[in-house]
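>
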Amino acid sequence: MKIKQFIKSILNSYSEIFFLENPIAGLLFLLITFINPYLGISGILAVLSAYLFAKFLNLEKEFLESGFYTYNALLVGLSIGYLFKFGILTLFLVFISGILTLVFSMFLYSIFSYYLKLPILSIPFTVISSIIYLSVAGYTNLFIDALYPHFNILVLEEITPQFLSGFFKSLGAIIFSPYVFTGIIISIVLFFISRILFFLALIGYYIGAFTIYLFKGSFYNVFSDISSFNFILIAVALGGIFLIPSIKSYFIAITAVITSTIVLSATKSFWSFYGIPVFTLPFNLITLMFLYVIGIVGFPYIAKIIRKTPEETLDLFLTSQKRFQGTERGIHLPFAGEWTVWQGFDGKWTHKGQLKYAYDFVITDENGKTYTNEGLNLTDYYAFRKPVLSPIRGRVVKVISDLPDNEIGTVDKENNWGNYVVIYDERGFYVEISHFAQDSIKVKVGDWVEVGTFLGLCGNSGYSPQPHIHVQVQLYPEVGSPTLPFSFVSFISNNEFFSNDLPKEGEKIKPAFADRSKTNKLSFYLDNSFIYEVFIDNKKIDEFEMSVKMAVDGTFYFDTGKGKLYFGKANETFYFYRLDGFDEYLKDIFISAPKIPLTSEKNVIFKDFLPFKLTTSKILKDFILFIASFNHSVGLSKYEGKTINEKIIEGKVYSIFSKKPILTKLELDDVFGIKKIKVGNRTYKLKTINFGG
Amino acid sequence: MKKIYEKPVITKIQTGFMNKFGSSPYYARKIRKDIDGVSIDYLVENFGSPLFVISEKKLRQQYRKIYNSFSSRYPNVVFGWSYKTNYLQAVCATLHQEGAIAEVVSAFEYEKARKLGIKGENIIFNGPYKPLEILEIASAEGATINIDHFDEINDLEKVAEKLGKKLKVAIRINMDTGVQPQWSRFGFNLETGQALDAVKRIKAGNKLILSGLHCHIGTFIIDPEAYANEVKKMVQFKYEIEDNFGYSIEFLDIGGGFPSRNRLKGTYLPPDILIPPVDEYAEKITNALYENLRPGDFPKLILESGRAIIDEAEYLITTIHASKRLPDGRKAYVVDAGVNLLFTAFWYKFNIEIDREVSGANEPSVIYGPLCMNIDVLDEGTLLPPLERGTRLIFSPVGAYNNTQWMQFIEYRPNIVMIMEDGSVEIVREREDLTDIERREKLPEKLKIK
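Listed in order, the protein sequences are those of chains G and A. Number 628 in this note's numbering belongs to position 628 of the first sequence; there are no gaps in the numbering. Number 81 in this note's numbering belongs to position 81 of the second sequence; there are no gaps in the numbering.
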């Protein structure tokens with residue numbers, strides 16, 4: 001088992017050069033390197049030497065799991081095997097280079113991951129290989145192998161048009177086998193594993209090559225330059241690996257490739273002065289720089305979890321990350337009933353600079369006015385003296401309550417924040433709420449408040465031209481501290497329920513607090529078990545039982561023996577999180593209502609997205625995901641539900657590829673549990689509940 | 001036209017004496033030439049007199065005003081439209097469109113709501129008299145049943161057994177909230193421990209699940225503090241039940257009883273001054289909720305406001321049929337609508353408006369209805385200028401209880417129209433004719449007049 005794991009890790013390190021995690025592809029690439037046996041042996045030897053040293057340091061587990069420790073050593077081995085003739089001395093050089101690469105990789109990884117939050121890519125390879133190439137200038141006991149003939153299929157080289165051979169050779173050059181036929185093999189492997197990667201390799205290469213052509217004016221020059229593989233690596237890394245495949249990430253990849261051309265040319269001029277190739281220096285430089293900048297500006301399509309292929313990363317992103325939008329700093333709306341967003345993030349009046357992450361709310365009537373009569377008195381304003389509720393659970397850390405409410409037409413310029421409350425949320429931030437009515441605040445410093453605790457009444461104190469509620473999330477307890485992005489959970493806007501989102505300016509929204517009765521119906525406890533009868537077109541075909549179990553991480557799931565359907569409550573919403581294993585019945589339960597808002601509000605629609613595997617066949621899935629990288633909405637199975645009343649939810653599941661939507665209906669029992677589910681022509685009726693315990 | 005001779009009378013005029021609200025009572029008059037832009041003349045010409053006129057706009061406005069007053073203060077508010085206040089289909093449907101559910105107190109009202117298309121689960125069933133048959137139907141259809149007495153607990157347990165499932169129910173309680181009279185005839189008394197006994201009884205029976213509390217402290221309550229007391233006691237009782245019996249009280253139905261801007265007989269101040277604004281009620285009630293509820297617990301707050309929503313949205317147009325001088329010198333008018341149509345005339349002093357400009361000093365006047373009955377008086381004494389025959393008097397507010405408690409007595413009942421938001425006028429209940437009244441009658445053969 002351990003040996004198998006070891007071999008798999010070594011093989012993976014070959015595929016990881018192309019950002020893949022696939023041992024079969026790795027084996028093919030390994031065989032390619034053995035076309036030139038010296039090359040192959042040096043590669044393996046460098047990895048082994050690094051492994052042995054890692055083992056000596058008791059790091060073999062991290063070494064095998066990491067990927068970047070192995071492939072950097074591998075590349076260094078390949079670079080030595082490519083350049084020098086085989087011999088004991090060469091092997092010794094490979095051996096010490098492997099160890100050096102490992103040590104340098106660990107050093108760099110520690111710095112990069114801590115300070116820059118960046119991967120080290122193949123910087124160790126570039127640096128160590130350059131060092132070795134420089135050092136050997138004076139080592140006359142080594143022989144330059146490049147002067148000797150290599151095995152090659154020359155026929156292919158001759159019949160392949162130049163613009164194709166350039167691409168294939170560059171691709172082969174990544175593993176130091178710059179031949180047309182190796183390029184073809186790698187292309188085929190890439191295409192089979194990931195259409196997105198293959199596509200990126202193609203556009204990366206040709207766009208880079210064309211840019212160089214514009215500068216140089218000679219296609220021959222361009223296509224015979226194998227260092228163009230840098231373009232391929234940049235395009236693949238940015239377009240499909242570190243960013244979620246999308247039009248935007250493709251655009252970034254192309255931009256990076258174009259800008260990298262001058263970096264490549266510059267490096268070449270400089271490096272060739274010392275007689276060494278550029279290796280992957282332009283790739284590392286450009287990719288890391290772009291990644292770092294994209295990271296600090298908060299680009300939305302950064303892949304938080306990188307899976308084995310871009311397709312899988314995209315699927316995960318679309319299905320799970322898309323389901324749970326908003327921020328981790330989700331707070332409730334600080335009021336009851338329907339209010340209007342007066343000013344949102346980066347607002348046009350006061351939400352600027354450090355204070356840009358804030359919301360202001362007022363109450364408006366049918367005509368959009370915030371007051372009745374002439375609006376000359378505070379009492380004319382709908383918002384005035386309406387309750388302000390705590391948007392989070394936490395501890396009150398600051399309260400000011402004695403400032404007067406300004407008459408309409410005046411503001412208090414001295415005390416901008418007016419009467420306010422600051423509450424500390426244990427998720428690590430503070431919420432500040434402003435402009436309370438004078439002496440209306442009912443909480444005091446040190447009080448513990450829950451979501452919905454009455455804090456005070458809306459007023460017009462501080463820099464407030466009309467009664468309104470101001471709410472912001474900040475890093476420190478002091479008023480005026482820099483604000484942080486946040487979002488609102490569980491609210492209704494225009495008859496649509498949002499679990500976690502940001503309403504726009506002018507939008508009328510109201511909080512959707514969980515209804516006790518509905519929450520009780522969906523409070524499943526350990527060992528509750530439910531027996532359902534299954535009907536197709538009203539004919540009973542089966543019966544099954546599902547019981548509530550707990551996973552090691554504390555999450556709960558319905559277990560049928562064949563599958564596990566995970567569920568839970570978050571943001572005043574009941575969710576089915578995921579289905580492990582495969583069970584037709586659990587699948588139906590999942591898609592009948594992937595989430596259920598716990599509000600008792602009727603005729604509210606809500607949207608969700610369903611995991612791809614529940615709604616599409618496998619072959620179709622791969623194809624769709626490639627298309628979906630250009631338009632994310634294509635790759636989503638959408639669910640749209642509607643609360644008919646407190647008990648019934650009707651929904652439909654559809655994607656662009658389904659001819660007609662699957663209609664679903666879920667009915668809660670009067671007291672406890674799900675009474676009835678209908679998906680297409682299948683109906684599930686609750687027969688008995690065994691409360692267990 | 002030649003003026004009819006009238007014996008001269010001497011009326012005491014106190015010149016220069018102003019009442020404390022400004023205008024001189026001798027020349028003040030209220031003129032109303034239209035309702036929502038539709039002229040009184042047009043309405044009478046097309047739909048006759050007397051005529052009830054409902055304003056859709058005003059009804060919706062009033063509902064929204066009261067609903068928003070609560071919903072902008074508390075996150076979980078539902079209004080139950082009290083059918084007995086006015087169960088005209090058009091009125092109920094308008095309010096259901098606005099989001100109210102139905103509150104009924106009899107099999108008749110239950111059936112009416114169902115026929116209108118309201119599902120059982122959207123009906124609150126109150127009242128002391130719920131026969132077993134309707135109890136069974138309502139339970140099966142998922143209506144919210146507020147139990148009034150111990151016998152009803154027995155009945156519901158029978159129903160639960162028959163339906164083969166546990167039923168969710170609520171109990172009505174009564175209590176001292178500081179207002180008189182205390183409505184102690186409905187539900188279980190809180191202070192004497194009767195309400196707690198009812199909970200124990202339900203728990204012991206183990207066939208019902210207690211999930212709500214209902215209370216209704218009275219009608220035309222002009223002290224908002226009474227509601228604060230009610231809410232406080234209800235919330236305390238809720239937690240007593242939840243902590244000791246394991247039930248989850250999901251809703252608090254605090255009933256209705258909010259006043260409209262109508263003037264009760266015997267009150268000195270006009271309603272604009274006497275009746276607290278609805279915001280004051282909402283503030284007191286929600287403050288009491290926040291003060292007594294545990295943080296984060298928002299049981300559904302149900303209100304059964306009737307009068308406050310509909311009363312001011314309806315008018316009654318009447319026509320002066322005759323005038324006479326009473327022996328005591330007061331002027332008297334006979335109009336075409338009486339207590340047969342305006343049942344609430346027994347306790348309200350209505351706002352009376354005239355459909356045209358009239359000159360002359362006001363004098364004390366009595367307004368009689370058309371019935372040949374001594375009790376048929378719409379106003380025992382009000383100040384009106386001399387009015388010609390054919391002048392129209394518009395009575396308001398008349399939306400609450402009149403269209404449900406009116407009677408077919410001596411006269412037919414007239415048209416009711418609704419002025420829609422777009423200005424069109426729709427008949428929502430046609431005037432009666434003889435066939436309506438005799439449809440159910442059976443004349444034994446031998447009594448037939450040949």
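Where a beta carbon is used, it is the ideal one built from N, C-alpha and C, also for glycine.
Please name the residue or residues paired with G:Cys-458 in a DSSP beta bridge.
According to DSSP, which records beta bridges pairwise, G:Cys-458 is partnered with G:Phe-436.
> Tell me where the alpha helix (DSSP H) around G:Thr-350 begins and ends.
Neither: G:Thr-350 is in no alpha helix (DSSP H) and is coded neither H nor E.
> Can you round the beta-carbon distance between G:Ile-305 and G:Leu-316 to whole angstroms, since I take them to be within the 8 angstroms contact cut?
Correct: roughly 6 angstroms between the Cβ atoms.
> Using 8 angstroms as the Cβ pair cut-off and three pairs as the minimum, do the stretch 31–50 of chain A and the stretch 259–277 of chain A touch?
Because the criterion of three Cβ pairs below 8 angstroms is not met, the stretch 31–50 of chain A and the stretch 259–277 of chain A do not touch.
> Pick from G:Phe-163, G:Tyr-639, G:Ile-196: whose alpha carbon is nearest that of G:Ser-228?
Out of G:Phe-163, G:Tyr-639, G:Ile-196, G:Phe-163 has the C-alpha closest to the C-alpha of G:Ser-228.
> Since I believe G:Gly-456 is in contact with G:Phe-436 (beta carbons under 8 angstroms), could you give me their beta-carbon distance rounded to a whole number of angstroms?
That belief holds up - the Cβ atoms of G:Phe-436 and G:Gly-456 are roughly 4 angstroms apart, short of 8 angstroms.
> Check whether the Cβ atoms of A:Arg-482 and A:Ile-394 sit closer than 8 angstroms, and answer yes or no.
Absent from the model: residue 482 of chain A. The displayed extent of chain A is 1 to 450, so no value can be given.
> Closest by CA to G:Val-263, which one among G:Ile-252, G:Pro-282, G:Lys-687, G:Arg-323?
Here the closest residue by C-alpha is G:Pro-282.
> Could you check if A:Leu-434 is buried or exposed, using at least 16 other CB atoms within 10 Å of its CB as the buried criterion?
The residue in question, A:Leu-434, is exposed, as its Cβ has fewer than 16 Cβ neighbours within 10 Å.
> Keeping to the same chain, check which residues put their C-beta closer than 8 angstroms to that of G:Pro-477; ignore five residues upstream and five downstream.
Only Val-397, Lys-398, Val-422, Tyr-424, Tyr-430 meet the Cβ criterion.
> Looking only at its chain, what residues have a beta carbon closer than 7 angstroms to the beta carbon of G:Leu-147, apart from the 5 residues adjacent to it on each side?
Its pLDDT being 48, under 50, G:Leu-147 is placed unreliably in this model, and the coordinates cannot settle the point.
> Return no unless some Cβ of chain G is closer than 8 angstroms to the Cβ of A:Lys-451.
Summary: the structure shown does not reach residue 451 of chain A, with chain A confined to residues 1 through 450, and so no result is reported for it.
> What separation, rounded to the nearest whole angstrom, lies between the Cα atoms of G:Val-679 and G:Phe-691?
One C-alpha to the other measures close to 26 angstroms.
> According to DSSP, is G:Leu-147 helix, strand or coil?
Annotation note: pLDDT 48 at G:Leu-147 (below 50); position unreliable, coordinate value reported separately. Residue state, collapsed to three classes: helix.
> Using the C-alpha atoms, what's the distance from G:Asp-588 back to G:Glu-158?
Each residue's alpha carbon lies about 58 angstroms from the other.
> Within 8 angstroms of any Cβ in chain G, is that where the Cβ of A:Tyr-110 sits?
It does not: the Cβ of A:Tyr-110 has no partner Cβ on chain G nearer than 8 angstroms.
> Along chain A, which residues have their Cβ under 7 angstroms away from the Cβ of G:Pro-387?
Residues of chain A passing the Cβ test: Arg-73, Thr-286, Tyr-290.
> Using alpha carbons as the reference points, say which of A:Ala-107, A:Ser-139, A:Trp-183 lies closest to A:Gly-257.
If we check each option's Cα against that of A:Gly-257, A:Trp-183 comes out closest.
> Buried or exposed: which applies to G:Asn-713, given that a residue is buried once 16 or more other Cβ atoms fall within 10 Å of its Cβ?
With chain G represented from 1 up to 693, any question about residue 713 of chain G goes unanswered, as that position is not in the structure.
> Measuring only the C-alpha atoms, how far is G:Ile-689 from G:Asp-515?
Distance between the alpha carbons of G:Ile-689 and G:Asp-515 is about 23 angstroms.
> When the Cα atoms are used, what is the spatial distance from G:Glu-496 to G:Ile-648?
Approximately 16 angstroms between the Cα atoms of the pair.
> Can you grab the Cα-Cα spacing for the pair A:Ile-54 / A:Glu-314, in whole Å?
Between A:Ile-54 and A:Glu-314, the C-alpha separation is close to 4 angstroms.
> Starting from the C-beta of A:Leu-316, find all residues in its chain whose C-beta is less than 8 angstroms away, skip the five residues before and the five after it, and write them out in chain order.
The answer, listed in chain order, is Pro-50, Leu-51, Phe-52, Val-53, Ala-337, Leu-341, Leu-342, Ile-394, Phe-395, Ser-396, Val-398, Asn-402.
> Of all the residues that make up the stretch 447–475 of chain G, which are near chain D by a beta-carbon distance shorter than 8 angstroms?
The structure shown contains no chain D; its protein chains are G and A.
> State the Cα-Cα distance for the pair G:Leu-686 and G:Asp-669, rounded to the nearest angstrom.
If I take the Cα positions, the gap works out to 9 angstroms.
> If I follow the unbroken alpha helix (DSSP H) through A:Cys-92, where does it start and stop?
Note, A:Cys-92: alpha helix (DSSP H), 89–97.
> Distance cutoff 8 angstroms, beta carbons only. Does G:Arg-516 sit that close to anything in chain A?
Cβ-Cβ to chain A under 8 angstroms: yes for G:Arg-516.
> At a CB distance below 8 angstroms, what residues from the stretch 199–217 of chain A approach chain G? Give them in sequence order.
Listed in sequence order: Ile-209, Ser-211.
> Tell me whether A:Pro-414 is buried or exposed, calling it buried when 16 or more other Cβ atoms sit within 10 Å of its Cβ.
The residue is buried, with at least 16 neighbouring Cβ atoms inside 10 Å.
> Within the continuous beta strand (DSSP E) that includes G:Phe-335, where are the two ends?
Neither: G:Phe-335 is in no beta strand (DSSP E) and is coded neither H nor E.
> Hey, how far is the Cα of G:Ser-529 from the Cα of G:Thr-560?
Near 10 angstroms, if we compare the C-alpha coordinates of G:Thr-560 and G:Ser-529.
> Is there a Cβ of chain A sitting closer than 8 angstroms to that of G:Phe-191, yes or no?
For G:Phe-191, the answer is no, since every Cβ of chain A falls outside 8 angstroms of its Cβ.
> Just mark A:Arg-294 as buried or exposed, buried being the case when its beta carbon has 16 or more other beta carbons within 10 Å.
A:Arg-294 comes out exposed.
> Taking only runs of the beta strand (DSSP E) that begin and end inside the stretch 504–528 of chain G, which ones reach a length of at least 3 residues, in chain order?
The stretch 504–528 of chain G contains these whole beta strand (DSSP E) runs: 508–511.
> May I ask you to list, following chain order, the residues of the stretch 481–496 of chain G that have a beta carbon less than 7 angstroms from some beta carbon of chain A?
Correct list: empty, as no residue qualifies.
> Whose Cβ in chain G lies nearer than 9 angstroms to the Cβ of A:Pro-295?
Residues of chain G passing the Cβ test: Ser-390, Arg-393, Trp-448, Val-449, Glu-450, Val-451, Gly-452, Thr-453, Phe-454.
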